[in-house]
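In this text, residue positions in the sequence shown follow numbering that gives the first Met the number 0: the first is 0, and each later residue adds one.
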Amino acid sequence: MSRLVIGLGFRDQATAQSIGEVLAEVIAQAAMPDIASVLAVVEDKAVHPGLLAAAQAAHLSIKSVAPEILRAADAGVATRSERVLRQRGVGSVCEAAALAVAGSDARLVVTRQVSADRNATAAVALSEDINLLENLAS
0 MSRLVIGLGF RDQATAQSIG EVLAEVIAQA AMPDIASVLA VVEDKAVHPG LLAAAQAAHL
60 SIKSVAPEIL RAADAGVATR SERVLRQRGV GSVCEAAALA VAGSDARLVV TRQVSADRNA
120 TAAVALSEDI NLLENLAS
């Protein structure tokens, strides 16, 4: 069983519209609409109003990632932003979040995409780890 994990990164001023826009873009790019998905975000963003609204509109659950787990996934990211590296310790928050939640066998299938207003980013990792997926479902 495969599962898509969509990692999100966004600024505090991001709206549900900008998060929803980039979310829809990466889902379309992943071209796997029948695979259940979960959103992965860094812990301190998990209750952001724009995220909650976008997740509800897309019918997706949210899985938060601790900063140290996010940093541990940095080796697998494809995008390197010096600003994000200084702030969060990773080259791309959305890519690291997707990989962290998707598990050790995961691979990025969509690298970082940016919303038109540049306030939100998203990336997609594909996981085939059945044990991890069962844990996410609970």
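Beta carbons: idealized from backbone N, C-alpha and C, even for Gly.
Residue i Cβ short of 7 angstroms to the ligand ZN heavy atom set
{"i": "Ala97", "result": "This structure simply doesn't include the ligand ZN, nor any ligand for that matter."}
Residue i, buried or exposed, once every other Cβ within 10 Å from all chains shown has been counted against 16
{"i": "Ile18", "result": "buried"}
{"i": "Asp43", "result": "exposed"}
{"i": "Asp104", "result": "exposed"}
{"i": "Glu67", "result": "exposed"}
{"i": "Glu81", "result": "exposed"}
Host alpha helix (DSSP H) of residue i (start-end)
{"i": "Ala39", "result": "Unbroken run through Ala39 is the beta strand (DSSP E), 36 to 41; no alpha helix (DSSP H)."}
{"i": "Leu59", "result": "No alpha helix (DSSP H) holds Leu59; DSSP gives it neither H nor E."}
{"i": "Val21", "result": "15 to 29"}
Any C-beta of chain D under 8 angstroms from that of residue i
{"i": "Ile61", "result": "The structure shown contains no chain D; it is built from a single protein chain."}
Host beta strand (DSSP E) of residue i (start-end)
{"i": "Val4", "result": "2 to 9"}
Per DSSP, the bridge partner or partners of residue i
{"i": "Asp63", "result": "This sequence places Ser at residue 63; Asp is not what is there. Looking at the DSSP assignment, Ser63 forms a beta bridge with Val40."}
Distance CB(residue i)-CB(residue j) smaller than 8 angstroms
{"i": "Ala77", "j": "Ala39", "result": "no"}
Give, in chain order, every unbroken run of the beta strand (DSSP E) that is at least 3 residues long and sits entirely within the region 65 to 125.
-> 106 to 113
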